[in-house]
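Residue numbers (my numbering): 798 to 1343.
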């Protein structure tokens, strides 16, 4: 069945074989961001944080704040020879297949092969998945769908096997890290559900409860540590960006009318226009699960169905206008940005419920229902398997100066403007005084140039300042708070500074702050602990309890 599922999953991806980049809301920006990520990576920055060519060439710290895992994967594809456009398409294609296969593995273990097949089909072929793929071009969300079933498979294996292999250990730890590195909002959305699953397994599935709870929480902690290099700076240094200003109240005009969950025409419009449909087959799964709930006498099945149904309907409620009070009151929800992002939860919950329904059917009905699901999946989603068109642009369009921040400006420094809006004619300038500048080397994070000043002069490195940028004049570091004048309204956000008369060597470099270094060390420690946990199995991985 796994091979059949793999082959079926290829059909919606055939449109990616067309030359050019599918026209989506964010696809072009993703390619440009990946090109900047790869540039920094190729210069020796293992953790790219600064995108030098974005924002009209003035740079932006966006790589610090937006999910790096898709960019790492795309960078690998580019490194082995694919263009940036094809690398991005490969990430979209491979991760759709990976998410379907991950759901199949988990649901197979939980409910059997046929149920796993149906659940994985529902998970990969939900309308919202194709919105992400061919309408929004939401690369991070698309990749993030892999990891909830990966983590759940690992947790279930830990709960039901006395001596599980190394794979569930890696699934839980690296799956948690992968989720955190794939999409900020979806991590916040899915992690509470995963902790609920840990509680369910603790109460109903595992016999050695102490061992299971210690292992599962330890492995998830390792995942948080491994990914700390990203989420810790993103969380704590976000105060230096326009994030909370730009995104404040963004949810208010993105609520979904109830009817759209049932029927919504397929289109390629903006956030208030594209389809928010849950899916015909997914609704059948919901109805079927209600029938199973009232018929079954198995307590743990009733618990699972009840929790999933509650999760499903709460998610629907939080996407409609009547939930505005909760969005205003529980402010952490505003980090989701758009209420309709909770469609990811409805996809997840309804796919599991569909699998449970199939697992509960009499054996003679299993095959007909599976064939019906497969047939209707193709009929129902076939119009969704293509973008509205394709962009064909040279590689230099993405690798050169890019006239956008690739977000809505929320990652721009708080002392700057959302968008610079025009390119600078030169990388360095004399703003006041009289001096001659001679360019040296200029990479993503290191700039050198020489100055011959006739009088005291004010210079500008036409790069936006952000914590981590340092300026050295003749080897002496300038004080970022007093000598790097980045809050001057006339040159808002740019690194400007004074030099005395004479010849000077200027070195401008972007380095890790103390917080980033601490986060980097935490990730390194997490990796070492993970290796130790897997290698030195008895004392760490398999504790014995009385």
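We put the CB at the ideal spot given by N, CA and C, even for glycine. Quick caveat, the model's predicted, so the values are computed rather than measured.
Take the Cβ of residue i as the centre, count every other Cβ of all protein chains shown within 10 Å, and call the residue buried at 16 or more, exposed below.
i            : result
residue 1119 : exposed
residue 1049 : exposed
residue 1308 : exposed
residue 929  : buried
residue 953  : buried
residue 1213 : buried
residue 1291 : buried
residue 1204 : buried
residue 856  : buried
residue 1232 : buried
residue 864  : buried
residue 989  : exposed
residue 801  : exposed
residue 1276 : exposed
residue 1330 : buried
residue 969  : buried
residue 805  : buried
residue 825  : buried
residue 1110 : exposed
residue 852  : buried
residue 1176 : exposed
residue 1130 : buried
residue 858  : buried
residue 1017 : buried
residue 1274 : exposed
Which residue comes first and which comes last in the beta strand (DSSP E) that contains residue i?
i            : result
residue 1257 : 1254-1261
residue 1178 : Premise fails: residue 1178 lies in the alpha helix (DSSP H), 1160-1178, not in any beta strand (DSSP E).
residue 1266 : 1266-1270
residue 1245 : 1243-1250
residue 1239 : 1232-1239
residue 1307 : 1299-1307
With a threshold of 6 Å on Cβ separation, who are the neighbours of residue i within its own chain once the five nearest residues in sequence on each side are excluded?
i            : result
residue 850  : 833, 1198 and 1199
residue 1024 : 974, 977 and 978
residue 1430 : Absent from the model: residue 1430. The displayed extent of the chain is 798 to 1343, so no value can be given.
residue 1029 : 1316
residue 991  : 948
residue 870  : 888
residue 1003 : 956 and 1009
residue 1061 : 1072, 1073 and 1074
Spatial neighbours of residue i within its chain, please: C-beta separation below 8 Å, excluding the five flanking residues on both sides.
i            : result
residue 1079 : 919, 923, 1143, 1144, 1147, 1148 and 1151
residue 1103 : 1090
residue 1133 : 982, 985, 986, 1048 and 1139
residue 1247 : 1234, 1235, 1237, 1300, 1301, 1302 and 1303
residue 868  : 830, 831, 834, 835, 845 and 860
residue 812  : 819, 931, 1182, 1183 and 1184
Once you ignore the five residues that flank residue i on each side, which residues in its own chain have a CB closer than 7 Å to its CB?
i            : result
residue 1140 : 925 and 1073
residue 1340 : Any reading at residue 1340 must be qualified, since the residue scores a pLDDT of 45, below 50, and its modelled position is unreliable; the value itself is stated next. Excluding sequence neighbours, residue 1340 sits near 1008 and 1011.
residue 1270 : 1296, 1301 and 1303
residue 913  : 901, 904, 905 and 1152
residue 1240 : 840
residue 1032 : none
residue 1156 : 908, 909 and 912
residue 1051 : 1068, 1069, 1135, 1136 and 1137
Can you round the beta-carbon distance between residue i and residue j to whole angstroms, since I take them to be within the 8 Å contact cut?
i            : j            : result
residue 1108 : residue 1099 : That belief does not hold up - the Cβ atoms of residue 1108 and residue 1099 are roughly 15 Å apart, past 8 Å.
residue 847  : residue 902  : With a Cβ gap of about 38 Å, residue 847 and residue 902 do not count as contacting.
residue 1344 : residue 885  : Because the chain in this structure spans residues 798 to 1343, residue 1344 falls outside the shown range and cannot be described.
residue 1182 : residue 808  : 7 Å
residue 963  : residue 1055 : So it is not a contact: roughly 47 Å between Cβ atoms.
residue 1294 : residue 1261 : About 14 Å separates the two Cβ atoms, so there is no contact after all.
residue 972  : residue 937  : About 16 Å separates the two Cβ atoms, so there is no contact after all.
residue 1254 : residue 1230 : 3 Å
residue 1195 : residue 881  : 5 Å
For residue i, decide whether its Cβ has a neighbour in chain C, counting only Cβ atoms nearer than 8 Å.
i           : result
residue 924 : The structure shown contains no chain C, having only a single protein chain.
Provide the residue span of the alpha helix (DSSP H) that contains residue i, from first to last.
i            : result
residue 1126 : 1121-1126
residue 1226 : Taken as a continuous stretch (DSSP letters only), residue 1226 belongs to no alpha helix (DSSP H), being part of the beta strand (DSSP E) at 1225-1229.
residue 1323 : 1311-1332
residue 1085 : 1077-1092
residue 1294 : No alpha helix (DSSP H) holds residue 1294; the beta strand (DSSP E) holding it covers 1291-1296.
residue 1142 : 1140-1157
residue 871  : 866-876
residue 827  : 824-839
residue 1106 : 1096-1114
residue 862  : 859-862
residue 806  : 799-807
Verify the contact flag: residue i, CB atom, against every heavy atom of the ligand NAD, threshold strictly below 7 Å.
i           : result
residue 818 : Ligands displayed in this structure: none; no statement on the ligand NAD is therefore possible.
Note down, one range per segment and in chain order, each alpha helix (DSSP H) of at least 4 residues found wholly within the segment 1188-1214. 1192-1196
Ignoring anything shorter than 3 residues or poking outside the segment 882-969, list the beta strand (DSSP E) runs there in chain order. Within the segment 882-969, no complete beta strand (DSSP E) run reaches 3 residues.
Alpha helix (DSSP H) segments (min. 4 residues) lying fully within the segment 973-1050: 981-997, 1006-1023, 1025-1033 and 1040-1043
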